[in-house]
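*Asks:*
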Amino acid sequence: MALSHEIKVDGVRAVLLALPKTIKNVFVVFTVPEDRVDNYKLPQKAPADEDLTFGTYKYTVQQFRLVFSNRDLLSIAVPYTAAL
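So my numbering is basically just the index in the sequence shown, starting at one, shifted up by 72.
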């Protein structure tokens with residue numbers, strides 16, 4: 073959740089417009105390697121709720137940080153093969 077990685081309103085808007093209209097809340101989860109946790113302590117800049125209002129639809133965006141060990145992160149991000 074580094075300050076240098078902003079959640080851009082246009083990207084969020086595109087995702088929201090593609091979702092069913094029954095969805096009102098969006099949770100952004102950032103996966104962080106445990107050895108970099110000190111670099112990702114603060115929430116990122118995110119669009120304000122008023123920036124995510126389309127007609128009568130109003131959305132709320134919340135952020136969460138999920139910390140993984142490097143081994144766990146690699147096991148879910150890259151399929152394991154014995155050839156590696």
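Every residue, glycine too, gets a C-beta built ideally from N, C-alpha and C.
Are arginine 137 and valine 98 close, meaning C-beta to C-beta below 8 Å?
*Replies:* Residue numbering aside, residue 137 sits at position 65 when the sequence shown is read from its first letter. Residue numbering aside, residue 98 sits at position 26 when the sequence shown is read from its first letter. No, Cβ-Cβ distance for arginine 137 and valine 98 is not below 8 Å.
*Asks:* Report the CB separation of alanine 115 from valine 84 in whole angstroms; it is logged as a contact under 8 Å.
*Replies:* Mapped onto the sequence shown, residue 115 falls at position 43. Mapped onto the sequence shown, residue 84 falls at position 12. Checking the sequence shown, residue 115 turns out to be proline, not alanine. At roughly 15 Å, the Cβ-Cβ gap does not stay under 8 Å, so proline 115 and valine 84 are not in contact.
*Asks:* Taking the beta carbon of proline 92 as the centre, do at least 16 other beta carbons fall within 10 Å, making it buried, or is it exposed?
*Replies:* Taking the sequence shown and counting its residues from 1, one reaches residue 92 at position 20. When all chains shown are included, proline 92 counts as exposed.
*Asks:* Going along the chain, which residues of its own chain have a beta-carbon closer than 6 Å to the beta-carbon of glutamine 134, five neighbours each way excluded?
*Replies:* If you number the sequence shown from 1, residue 134 lands on position 62. Cβ neighbours of glutamine 134 beyond the five flanking positions: Phe99.
*Asks:* What are the boundary residues of the beta strand (DSSP E) that includes arginine 137?
*Replies:* Here residue 137 refers to the residue found at position 65 when the sequence shown is read from its first residue. Per DSSP, arginine 137 belongs to the beta strand (DSSP E) from 132-140.
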